[in-house]
Amino acid sequence: MANKVAQVSDIYAARNDIRRDDDWFALKLQEEAGELIAEHLRLSGRGRTKGQRRDEITAARDDEAADLLAMLLLYCRHNGIDIEAALERKWFRYLEPAA
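One gets our numbering by counting positions in the sequence shown from 1 and adding 987 to each.
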């Protein structure tokens, strides 16, 4: 999945002449998180619907969640973060039986 996301990002950056530096990856995470929150607020009745039906807003929310995950994968790749190892260390250790 991370490789596919990187390929799409490379195409997008080339087509739009975007220079992706350290700040770009971090700031895009924040941007996508904000867009996900905006759709969440619209679904919860605390944001304007802009004339869209609930199913359209739900699809927009789902798409923003995908954008956020994609940007997190790109951030990790750019910064040399082994996200699977970090998840094992930080989260999944709680799944192991206590010694």
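Backbone N, C-alpha and C define an ideal beta-carbon position, used for all residues, glycine too.
Bear in mind that the values here come from a model prediction, so they are computed numbers and not experimental data.
Ranked by Cα distance from residue 994, the options 1077, 1067 and 1057 are led by 1057.
With a cutoff of 8 Å on beta-carbon distance, residue 1044 and residue 1055 are scored as not near each other. With contacts defined by Cβ atoms closer than 8 Å, residue 1034 and residue 1025 form a contacting pair. Distance from the CA atom of residue 1006 to the CA atom of residue 1000, rounded to whole angstroms, is 7 Å. Contact check between the region 1016-1024 and the region 1058-1068: three or more CB pairs, one atom from each, fall below 8 Å, which counts as touching.
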